Amino acid sequence: MTAITFPSALRYPSRTRPLRVVPLLLIFHCLVAFAFGASTIPKGSLSRQGMTQQPLSQDPPTVQLHIDEEDTKSVANPQSRNGSTDELAGSQTLHELIYALDVLQQDYFAVWQGIWPTSIDWTSAVIGTYVSAALSSLSASFSVPFSPAEPGSTSDKAAENLINKFYSQLVSSYFGQDAFGIRQEAYDDMLWVVLGWLESIKFITIHSALHYKSHDGSPWYGTQWIPAFAHRARLFWELASQGWDTTLCDGGMIWNPYLVPYKNAITNELYITASVSMYLYFPGDDNDSPFISEDPQNPILAPPHNHKYLTAAINAYNWLADSNMTDANGLYVDGYHVSGWTRPERGKNDTSSNTRCDARNEMVYTYNQGVLLSGQRGLFEATGRKRYLEDGHWLIESVIAATGYDLYLDHVIPEENNDGNNRGRRRLGKWHGLGRQGVLEEACDSTAICSQDGQTFKGIFFHHFTLFCAQLPVHILAFRSTNDVADAESYGAVQNWHDKKCARYARWVAHNANAALRTRDENGRFGMWWGAPNEDELSPSVNFDEDSEQVALPAQAVDYRNDGVLAGRGWRRNRKWQNFGATFDEYAKGDEHEEFISSDDRNIGTKDLNSRGRGRTVETQGGGLSVLTALWELVDRRKAF
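In our numbering, the protein residues as written are 12 to 652.
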C-alpha cells in the first residue's frame, strides 16, 4: 500500500495561492474581538494547567505517511492519472480527502475573519461540520500505521501539525459565526449550528482519547474549547425547540416563524437528530449566559444525558413517522402547508381556520433523505430499539434505487444507449427521482439552476449517511446500565447485521465518490453536478426538452429552494394566503422563478458543464469533501485496517 507524508505545508505545484495582506488595523480589530470572545467563555474553561502540547501518541501507533512528487502531481491534476478513478486505492483516498480539505480551507476560508466569506449562515455551519468530521477521520486514521514509525518521527509531527492547522481554523470559525444574527433566523438554521458544534466536540473527544491518554493524564489542549462549543449548542437547541407546535397538525416543528406555517421534513429531521445528539454527546453546561439565575448559589445547570432531549427526539420521530411525508418510492417529500390558514387576530383565539397539514409539497431533495439517518442511528444507541436502524436502511435503499442503481445486482441499472452514428457517445440517462446512472443528483443539477441551498444538499446526505453506517461501538448508552447477557448477545447480532447491510452500499458509495472526483478543475475544486459528462463523451443529440433527458418533477412539487418561490405568492405572511387552497398549482406558475437563476449559460455545449450557474463554490467543495469522507470511512479505511 502506498504511504503518504505531509510536508510542513501542503504545496501542490499546479495551484497558486494569492498573497493576502492584512492591514495592521484589521489585526488590531481581530485581537480585540478575540479578547472579547474569550471573556465570554465559562470560568475555568481556558485553564492550561497540565495541558502541554505534545506529538501524537504512539499508543496507539500513528500513521507514517509519504507523498512523493508524482503522487502530488496526480492529486493536483486529476486528468494526469492513468486509468479510471474507479481504481482509487485506500491510501490514495485518504490523500484525496486531505487535498479536498486543504482546498476547502485555503481557497474558501478567511482565517482573519473566521468565516467562509462566500457562504451563508447555515451553509457555513454545515461546512464546519464537514471539517470536524474529516478531522475525526484523520485522527483515527493516524492512530493505525500504514508502515512502522519511530516515536517522534517527522511524519508523526507533520500529522499533528496538519490536524492542529485545521482545528485552529475551526476554533476561529466559532468567533466568526454570527451567533446573534442566527437567533433571528429560521429554526432549521439554528439546528445546523447545534449539529456543527456537537460534531466538533466529538472530534475533540476522539482526538484527545486516541493520542493523549498516555501523556501523564493531561488531555489535548483542544479540550479547553469544549465548554464554549457545548454552550452554543445548548443555547441554539433551546431557541430552536420553540418551533415545536401542537396547535397545527397535532405536532411537529414549524420551519420559519417569519413565514406562513410550513411543517417540513428538514426542520423536523434536524430536530430529531439534534435532540438525540444532545442526549448522547452534549457534555453538560454550567454557563447560564444569557439567562441569569435568580439564585447565584444555584445556577442553571444543563447536565449531560438529559432525558428531555431524548424525549423530544422520540416524540418528533413518532410525529414524523405518522405524518405521511414519504412518497410512493419511500422518499421524504419536502413538507406540508395548512390550506386556508389565516393568522389569528391579536388577543383572539381563532378556531375557524383549518389546522390540518393537508397541502403537501411533493418536491424531493437529497438532504431530506440524509439528516434523519444520523438521528435514527442515535435513537438506536439511546434506546437499543432495532426499529430505528431498520427504518434507516429502508430509507438508504430507497435513495440508492432512486439514483438508478440496482443494489441487489450491485451495479447501475443498464439502459439502451443507441444514438445512431454517434457510437461511443452517451446520453444523460433516465431520471429515477434522485439521480441517474447510479449517481446522486439534485433536480437542479443538469440545468444549472441550483441555488446556494441546493448546492449544499448532496454533501449533507453523505455526511449523515456516513454517521449512520459507522461501525457501532462496543457498548451503547442504552445497555450500559444492565449486565443482562441476553441484551449483550442480542446487541452483538444487531452489530453484525448492521455492518453487513452497510457493506452492501460500498460500491455505490465508491461510484458516487469517483463521479464527484471527475468534476474537479485544475485547482482541485469540485463541481456541483457529479454525473455531468465531459463534452467529448456527450452525444450531440442530447436535448433537455426530451422526456428521456428531462428531470420530471412530481405533480404538485414546488422547487422553492432553487426557483425563488419564496419571493412570490404562497409563502409570505400576507393577505394572499387567505385564498390559499390545497394545491400548489396556483402559485407554482409565474415569472418570479426565472429571476433567481444565476446564469443564462445553462445549455449543453458549454465545455465544462460544472462552470454554469453558480459554478464551483465553497458548498460544492464541501460536498466533495463529504463524499470522500464517506468513501474513506465506509470502504477504504475498513479495507486498510
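Just so it is clear, CB atoms sit at the ideal spot from N, CA and C, and this is done for glycine as well.
All values reported here derive from a predicted model rather than from experimental measurement.
For residue i and residue j, what's the separation of their Cα atoms in angstroms?
i      : j      : result
Val562 : Trp123 : 42 Å
Arg613 : Asp256 : Confidence at Arg613 is low in this model, with a pLDDT of 44, below 50, so its placement is unreliable and the value that follows should be read with caution. Cα to Cα, Arg613 sits roughly 41 Å from Asp256.
Leu665 : Val271 : With the chain running from 12 to 652 in the structure shown, residue 665 is simply not present.
Phe213 : Ala144 : The question names Phe, but residue 213 in the sequence shown is Lys. If you take the alpha carbons of Lys213 and Ala144, they lie about 8 Å apart.
Gly125 : Asp189 : 10 Å
Val137 : Gly207 : 6 Å
Pro565 : Phe537 : 29 Å
Thr216 : Gly542 : 37 Å
Phe391 : His509 : 11 Å
Gly263 : Ile174 : 40 Å
Tyr290 : Lys512 : 26 Å
Gly222 : Gly233 : The residue asked about is misnamed: residue 222 is His in this sequence, not Gly. Distance between the alpha carbons of His222 and Gly233: 12 Å.
Lys650 : Met539 : 29 Å
Trp442 : Met201 : 34 Å
Gly192 : Trp133 : 11 Å
Ser364 : Trp330 : 22 Å
Val638 : His522 : 10 Å
Gly139 : Glu427 : 42 Å
Tyr502 : Ser288 : 21 Å
Asn545 : His486 : 48 Å
Arg371 : Ala526 : 33 Å
Ile109 : Ile131 : 24 Å
Ala524 : Leu642 : 7 Å
Ser105 : Leu488 : Inspection of the sequence shows that residue 105 is occupied by Leu rather than by Ser. Near 31 Å, if we compare the C-alpha coordinates of Leu488 and Leu105.
Ala568 : Leu439 : 23 Å
Leu645 : Glu196 : 35 Å
Glu453 : Asp369 : 26 Å
Gln117 : Glu280 : 32 Å
Under 9 Å between the Cβ atoms of residue i and residue j?
i      : j      : result
Thr477 : Thr640 : yes
Ile325 : Thr278 : no
Phe177 : Leu112 : yes
Tyr141 : Leu483 : no
Asn317 : Leu342 : no
Gln448 : Gly470 : no
Thr467 : Gly634 : yes
Tyr292 : Leu209 : yes
Gly346 : His475 : no
Val375 : Asp402 : no
Asp373 : Val344 : This sequence places Glu at residue 373; Asp is not what is there. It is a contact, given that the beta carbons lie within the stated cut-off.
Phe479 : Ser385 : yes
Ala481 : Arg398 : no
Tyr198 : Asn267 : yes
Val205 : Ala170 : no
Asn534 : Val114 : yes
Ala276 : Leu383 : yes
His218 : Trp231 : yes
Tyr282 : Ala332 : no
Lys274 : Ser350 : no
Taking DSSP's pairing of strands, which residues face residue i in a bridge?
i      : result
Asn275 : Gly346
Asn379 : DSSP lists no partner for Asn379.
Thr366 : DSSP output for Thr366 lists no bridge partner at all.
Arg371 : Tyr347
Thr337 : Tyr343
Leu146 : Looking at the DSSP assignment, Leu146 forms no beta bridge with any residue, so it has no partner.
Ile126 : Ala121
Asp296 : Ala313
Can you tell me which of the options puts its alpha carbon nearest to the alpha carbon of residue i?
i      : options                        : result
Arg367 : Ser166, Asp647, Thr353         : Thr353
Leu418 : Gly351, Ala514, Trp231, Glu107 : Ala514
Thr631 : Cys480, Asp570, Thr129, Ser102 : Thr129
Lys168 : Ala276, Leu181, Ser183, Ser150 : Ser150
Trp669 : Thr458, Thr628, Leu281         : Residue 669 lies beyond the stretch modelled for the chain, which goes from 12 to 652, so this question has no answer here.
Ser184 : Phe153, Tyr119, Ser229         : Tyr119
Asp532 : Gln117, Leu620, Asp296         : Leu620
Trp519 : Arg572, Trp231, Ala412, Asn573 : Ala412
Gly295 : Ala285, Ala313, Ile487         : Ala313
Tyr571 : Cys455, Val646, Tyr516         : Cys455
Arg647 : Ala517, Gly535, Ala251, Val569 : Note on residue identity: the sequence assigns Asp, not Arg, to residue 647. The option with the nearest alpha carbon to Asp647 is Ala517.
Gln253 : Ile265, Met336, Ser102         : Ile265
Glu408 : Ser462, Leu451, Arg396         : Leu451
Ser152 : Trp248, Gln116, Ser102, Gln180 : Ser102
Ser622 : Ser229, Ser457, Asn507         : Ser457
So, is the C-beta of residue i closer than 9 Å to a C-beta in chain C?
i      : result
Gln387 : Any reference to chain C falls outside this structure, which holds one protein chain only.
Which parts of the stretch 206-278 are runs of the beta strand (DSSP E), unbroken and 3 residues or longer, counting only runs that do not cross its ends? With a minimum length of 3 residues, the unbroken runs of beta strand (DSSP E) contained wholly in the stretch 206-278 fall at 273-275.
What are the uninterrupted segments assigned as alpha helix (DSSP H) that are 4 or more residues long and contained completely in the stretch 504-550, given in chain order? Along the stretch 504-550, the alpha helix (DSSP H) occurs as fully enclosed runs of 4 or more residues at 517-528, listed in sequence order.
Run through the stretch 401-475 for me and flag every whole beta strand (DSSP E) of 3 or more residues, listed as ranges in chain order. Listed in chain order, there is nothing to give.
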